[in-house]
Structures are given as C-alpha cells and as structure tokens.
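S.K.: Before anything else, here's the structure in question.
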Amino acid sequence: MEEVSNFLTEIIDEDIATGFSEQIHTRFPPEPNGYLHIGSAKAIFINWSISKKYNGLFNLRYDDTNPVKEDTEYVDSIWEDIRWLTGEEPSGGVYYGSDYFEKCYECAVALIRDGKAYVCDLTHEEVRAYRGTLTTPGKNSPYRDRTPEENLQLFQAMRDGKFPDGSRILRAKIDMASPNMNMRDPAIYRIVRAHHHRQGNAWCIYPLYDFAHPIQDALEGITHSLCSIEFENHRPLYEWVVDNCPLPHHPKQREFARLNVTNTVMSKRYLRELVETQKVEGWDDPRMPTLCALRRRGYTPNAILNFVQRAGIAKANSLVDIRLLEHCIREELNETALRRMAITEPIKMVITNYSEDETEVFSVSNNPQDASAGTREIPFSRELYIEKSDFALVPPPKFQRLKPDGEVRLMGAYIVRCNEVITDENGEVVELRCTADLETGNGMPVDGRKVRGTIHWVSAPTAIDASIYLYNNLFSLENTNDVPEGTNYLDYLNPDSLKRLDGCKLEPSVAEVPVGTRMQFVRMGYFIKDAEDNRYNRIVTLKDSFAKTMQK
RNA sequence: UGGGGCGUAGCCAAGUGGUAAGGCACGGGACUUUGACUCCCGCAUUCGCUGGUUCAAGUCCAGCCGUCCCAGCCA
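Numbering (numbering that gives the first Met the number 0), first residue to last: 0 to 551.
As structure tokens, then:
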C-alpha cells in the first residue's frame with residue numbers, strides 16, 4: 000500500500016515541525032453497539048495508517064459510556080475485525096472508555112470546585128426550552144449559580160444513587176448564548192441505572208461523549224484524535240474540556256468526511272434492524288456492508304484499505320461509486336486467486352467421438368498470471384457440462400462462444416464443434432452433441448484455422464454438485480434516489496438480492512482446495528468456500544463486455 | 001433566516017499566484033486458451049455564480065447561490 004498523504008498528514012507534519020508533538024499517537028474509538036462496516040474502515044485506516052507512517056502508536060478504545068446500547072458481542076467482533084483489517088493488534092494497546100470512569104469523575108469534581116460545572120435539576124423539557132434555538136440564545140438555568148460546595152454535595156449524592164434516573168444532570172458552565180449549540184452548558188453526566196457490560200452496576204451516573212472522549216484521549220496520550228466531520232462542531236467543547244480539566248496532555252481533534260458508498264446502507268441503526276428483524280441471516284450475511292460480511296465474500300483487507308485510500312480523504316461530503324471497491328478486489332484477486340471452473344447453469348455436452356470408457360486428464364494452470372501457483376489435473380470425459388449462456392441457438396452478432404455448427408475451445412482442453420442440438424418440448428436446449436478435434440489436443444489447430452471463443456466446462460461423472468448463493472447488489476437499495484424521504488430503508492431492500500442456485504457443477508479439484516481459497520468463477524466472478532456450512536458465496540462479478548454490448 | 005463545514009469531469013480527488021495530476025466509470029483500438037487480464041488512445045479552453053485586485057486567479061478580496069452538520073440526559 001502506498002504511504003498516506005493528505006491534509007491530515009500535512010497538519011501532523013506541521014505539528015512535528017513546530018514541536019507540538021513528537022511521537023504520533025492515534026486511536027480508533029468505536030462504540031461497541033454494532034459491527035464494523037466499510038465506513039468504519041475509513042476511520043480505522045486513517046488513524047492506523049497515520050500511526051504507521053510516523054512510527055507512532057495506535058490504540059483501539061471501546062467508547063463504552065452508554066450502558067444501554069453496548070454489548071460484549073460487539074466488543075469481540077470489533078477486535079476481530081480490526082485485527083483482520085490491519086493484520087496486527089493495535090500497537091498502542093486496547094482500552095475501554097469505561098475504565099476511566101473514576102478519572103472522569105475526578106475531572107468533574109475539579110470542574111465543580113473551579114465553579115465550571117453545576118448540578119442542574121431542570122427536567123428534560125425544561126433543559127430543552129432553556130437551551131433556546133438555532134437563532135435565539137438560551138437562558139441560564141436557575142441552578143447555574145449553586146455554590147461549588149452545594150454542587151459537590153449534590154454530585155456525590157448523584158453518584159451515591161440518591162436521585163432517580165434522569166432527575167438531575169451535571170452541566171459544564173460555559174455560555175448559554177453561544178452560537179454553537181454544543182457550548183450552551185452541555186450535560187456532562189447523567190443518571191442511568193443500567194447494567195454496564197464491564198462495570199456491571201458499579202455506577203449509576205455516566206459521563207457523556209463530549210466530556211469523556213477528550214479525557215480518554217488525554218489519558219492515553221493521544222496526539223491526534225481524528226474523527227468524522229460531524230464532530231467538527233464539538234471541537235470547541237473538546238478543547239474546553241482539555242483546557243479546564245486537570246489532564247496531563249493536550250490532544251488535538253481534527254476531522255475528515257465520512258465514507259458513503261452508492262446503493263449501500265451504512266447506518267448502524269438500519270443494519271442492526273436488518274439483523275434483528277431477520278431480514279438478513281446475520282451481521283455477516285453477504286448482503287451486509289460489514290467487514291465480516293465482506294470478509295466472508297472473499298474481500299481482502301488490502302482491497303478494502305486500498306479502496307478507502309483511493310476513495311480519498313478530504314472534508315467534502317462524497318458518495319463513492321461501489322465499482323471502485325469492486326475494482327480494488329478484482330485487481331488483487333486477479334493476481335492472487337487460484338482459478339477453478341464451475342458451471343452455474345449447466346447444459347450437458349456429449350463428445351460423440353470420445354468413447355464412453357475413455358478418460359484422460361488435462362493439466363491446467365492454477366493462475367495464468369502466476370506460474371508459481373502451479374497446475375492441477377482435471378479429468379476429461381465423454382460427458383461434460385458447460386454454461387447455458389455459452390451456447391446460443393440463434394447467436395447474436397459478434398457472438399464468439401458456441402453456436403450450431405460452430406467451434407469453440409474448451410479451456411485447457413479440446414476444441415469442439417457443435418453438430419446437434421437437443422431441445423425439450425419447450426424448446427429449451429438440454430444437450431449438445433459435439434465432436435472434439437482430437438488431433439489438436441490442448442493446442443492450436445493443426446490446420447491453422449482460427450477459433451475465437453474459449454469457454455469453461457466440467458466433466459460430468461466427476462462434477463461436484465453444489466448450491467451457490469448469488470447476491471445481486473447486496474445490502475443495497477435498488478436505487479437510493481427512489482426512496483421517498485422519511486421512508487424506512489428496510490422496505491426498499493431488493494428481495495432478490497440473495498438467491499440460492501442449486502445444481503451448480505464444480506470441478507473435482509475444488510474439493511481439495513483449502514478452505515478460504517478463492518476461486519474464479521469463470522467469466523462470472525470469484526467465490527470463497529465457507530468453512531462452516533460449505534456454502535459458496537459469490538463476491539465480485541468480472542466484466543463481461545459482450546453482455547454489455549448486448550444491452551445496447 | 002444563528003454558528004460551523006464543504007462546492008474542481010458521471011463519481012472521488014490533487015492543486016497553497018505562473019497557465020487544470022491521478023484513480024474509478026465511460027468510449028475507441030491492439031492482444032488474448034475464458035469477450036477477463038494486459039497494453040495503447042480519448043475523455044474539464046475550465047474549477048458553484050458574479051464582480052474586483054494582479055502582467056497573471058481554481059488559488060487573493062467582496063457579494064451571492066447551492067449543499068451538509070448542530071437545538072440527545074446518543075456517539
């Protein structure tokens with residue numbers, strides 16, 4: 000992967016030049032409330048790759064300050080996905096925001112002592128009313144001028160569980176007239192009696208993101224807290240916390256635009272709903288944009304990282320074409336994937352000049368791009384299967400595959416001529432009777448004639464029957480633009496987006512391929528064999544310019 | 001309409017006063033034992049708009065337009 004260079008690295012270069020920071024330290028702070036997806040990969044990539052570039056450190060920190068949304072299932076999956084994506088454990092360590100609750104409490108107490116925070120008894124509704132609107136300033140809470148002593152006592156009582164949930168909050172005393180809504184005396188602690196996945200019932204008060212995050216960053220020695228752009232409005236508050244709390248270190252927050260991908264639902268809320276309502280099989284359903292689903296489909300970490308980098312890192316909102324992602328995985332698999340032949344929609348081909356009890360093996364390259372991938376032996380016999388779409392009874396112009404009385408190369412084997420087409424009562428082609436050019440073998444025609452097309456095939460007696468799941472623009476909407484405003488995205492999922500195809504024929508050497516080996520689905524795409532249930536999931540479609548031509 | 005961010009090709013994106021990189025997509029051609037891959041060629045007289053400064057403006061200034069974010073005791 001190329002070294003990253005963007006407006007963020009420019010900021011860091013300058014910080015190093017001016018002595019603001021020496022060793023660069025970044026972090027990725029997911030809330031464990033869902034699985035990581037392709038959008039998360041951008042935040043991981045930015046923070047992680049920058050730590051690598053500067054020989055710095057990279058922390059994984061679970062931002063688990065809201066007990067009602069978080070779960071250990073997500074903690075585990077996040078760790079696994081990050082390890083997979085970056086190929087290593089976070090160099091700076093793995094942390095939990097909740098481990099700093101005591102420190103957060105101390106900071107809050109310090110703010111109270113300094114008269115910079117107060118306990119507010121206003122109800123939710125009152126708080127909202129006092130906050131004002133975008134265009135009108137807020138009003139000071141009547142509790143704003145409580146003495147530090149009184150606040151200290153009340154805050155302690157909050158911690159001791161003397162007050163019911165939601166009855167009081169601790170607020171930072173900043174400016175109720177600030178044009179930035181985040182600065183209008185934001186809540187920094189709330190009362191919630193909920194089981195925390197790590198702290199259990201040790202706490203009934205929890206710090207809010209805006210308060211906890213800068214503290215976590217500072218305690219971990221983070222130099223650059225790189226987050227997505229919706230937090231730009233929070234930066235003044237981030238700095239306020241860092242400046243006003245007794246912290247050992249001043250991290251710097253900078254922001255970048257989130258990643259959006261065409262026809263892809265990226266909101267964790269919707270993804271969770273898809274799983275919970277069982278519209279998909281799970282978080283790793285191949286239609287999902289999650290990292291575990293992409294992994295299952297055979298996407299590699301490198302392809303995903305490459306995609307994120309090529310999509311660009313800037314501050315402008317963007318909607319990146321999913322074809323760029325597909326390009327990235329195709330590019331990599333083209334070099335690395337072992338090829339295997341498979342037939343999705345079989346029609347039988349009988350080689351009439353090849354005797355029934357005869358059989359031979361052809362040696363075929365595992366990867367034409369890479370001789371070191373070796374070869375494999377595949378059996379050839381009188382009865383074969385070929386792809387239905389590789390034969391045309393009435394060939395369109397420029398059709399290079401097989402047609403009546405036409406010739407075609409069976410990949411790695413003989414050139415065959417179609418002599419007879421057998422159809423059923425509906426006119427469907429069920430069998431082709433062909434003769435092979437046995438003289439030529441797996442070589443060029445001895446008489447020098449030109450045979451344009453090459454198609455894939457599988458020997459019938461040894462073919463492995465399989466079911467394959469095909470997806471059609473996974474996890475996607477048919478057309479995002481068609482979704483009326485305010486409509487639940489889930490209603491617009493393409494019902495045909497995951498289709499099981501039975502009766503597929505795979506070449507026998509597939510059985511010997513180690514689990515996880517990628518297979519090129521000839522002319523169709525790449526597949527990965529699933530270790531658990533022996534499913535084959537299609538991942539990326541190769542380009543078929545003939546199909547494209549036909550569409551015109 | 002308060003504040004902040006962002007507008008460069010169909011989609012991303014570089015560009016920091018000196019005459020518009022690159023990738024994806026797309027179109028054309030060559031090659032090919034998978035119509036893939038690979039390789040060539042093409043693809044912004046112009047940078048949201050309008051003025052201004054300058055020998056010179058995508059870059060500086062002013063005004064306007066568009067778009068995204070903020071009124072959770074979510075992150």
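Using N, Cα and C, we set each Cβ at its ideal position, and we do this for glycine too.
Pull up the distance between the alpha-carbon of G220 and that of V512, whole angstroms please.
M.R.: Straight-line Cα distance between these residues: approximately 47 Å.
S.K.: Sorted by chain position, which residues of the same chain lie with C-beta nearer than 8 Å to G485's C-beta, five sequence neighbours on each side aside?
M.R.: Reliability of the predicted coordinates at G485 is poor, the pLDDT of 49 falling under 50, and no value is obtained from them.
S.K.: Opposite L254 in the DSSP bridges: which residues?
M.R.: Note that residue 254 is Glu in the sequence shown here, rather than Leu. For E254, which the question treats as bridged, DSSP gives the partners C226.
S.K.: Determine, using beta carbons only, whether V349 and R408 come nearer to each other than 8 Å.
M.R.: Not closer than 8 Å, so no.
S.K.: Pick helix, strand or coil for N352, following the three-state DSSP scheme.
M.R.: N352 falls in the coil class under three-state DSSP.
S.K.: So, are the CB atoms of Y620 and L218 less than 8 Å apart?
M.R.: Look at the range of the chain in this structure, 0 to 551, and you will see that residue 620 is not part of it.
S.K.: Taking the C-alpha atoms as reference points, what is the distance between D501 and V264?
M.R.: Computed Cα separation, rounded: 29 Å.
S.K.: I'd like to confirm the pairing. Which residues does DSSP put opposite E376 in its beta bridges?
M.R.: BP columns for E376 point to S362.
S.K.: Buried or exposed for I23, please, with buried defined as at least 16 other CB atoms from any protein chain shown within 10 angstroms of its CB.
M.R.: Looking at its Cβ environment, which holds 16 or more other Cβ atoms inside 10 Å, I23 is buried.
S.K.: Whose C-beta lies closer than 7 Å to the C-beta of T71 among residues of the same chain, with five residues either side of it excluded?
M.R.: Contacts found: H196.
S.K.: Please work out which residues of its chain come closer than 6 Å, Cβ to Cβ, to K41, disregarding the five sequence neighbours upstream and downstream, and give them in chain order.
M.R.: Cβ within range, chain order: L258 and V307.
S.K.: Only counting runs of 3 or more residues, tell me where the beta strand (DSSP E) segments fall wholly within the stretch 231-299, in order along the chain.
M.R.: Whole beta strand (DSSP E) segments, 3+ residues: 251-255.
S.K.: What runs of the alpha helix (DSSP H), each 4 residues or longer, lie entirely inside the stretch 24-56?
M.R.: Segments of the alpha helix (DSSP H) lying fully in the stretch 24-56: 37-52.
S.K.: Report the three-state DSSP secondary structure of S458 (helix, strand or coil).
M.R.: Strand.
S.K.: M518 by DSSP, collapsed to three states: which one?
M.R.: DSSP places M518 in strand when its eight states are reduced to three.
S.K.: Helix, strand or coil, according to DSSP, for K547 in the structure here?
M.R.: The answer is helix: DSSP assigns K547 an H, G or I state.
S.K.: Are the Cβ atoms of A412 and R400 separated by less than 8 Å?
M.R.: No.
S.K.: Report the rounded CA-to-CA distance for A372 versus T85, giving the unit in angstroms.
M.R.: Approximately 25 Å between the Cα atoms of the pair.
S.K.: Could you give the DSSP three-state label for G485: helix, strand or coil?
M.R.: With a pLDDT of only 49 at G485, under 50, the local geometry of the prediction cannot be trusted, and no value is derived from it.
S.K.: Taking N536 and R296 to be in contact with their CB atoms under 8 Å, please state how far apart those CB atoms are, rounded to whole angstroms.
M.R.: So it is a contact: roughly 5 Å between Cβ atoms.
S.K.: If you check the beta carbons only, do E430 and I346 fall under 8 Å apart?
M.R.: Yes; because the gap between Cβ atoms is below 8 Å, this pair is in contact.
S.K.: Could you name the residues of the same chain whose beta carbon sits closer than 8 Å to that of P235, not counting the 5 residues immediately before and after it, in chain order?
M.R.: N179, N181 and M182, listed in sequence order.
S.K.: From the DSSP output, which residues share a beta bridge with R189?
M.R.: DSSP, once it has assigned bridges, lists I168 and Y205 as partnering R189.
S.K.: What residues in its chain sit with their C-beta under 6 Å from that of L324, if we drop five residues either side in the sequence?
M.R.: Closer than 6 Å at the Cβ level, and outside the excluded window around L324, lie F306.
S.K.: So, with DSSP's three-state summary, where would you put T335?
M.R.: Three-state DSSP puts T335 in a helix.
S.K.: Excluding sequence positions up to five away, which residues of its chain have a Cβ less than 7 Å from the Cβ of R375?
M.R.: These residues qualify, in order along the chain: V363, N365 and S508.
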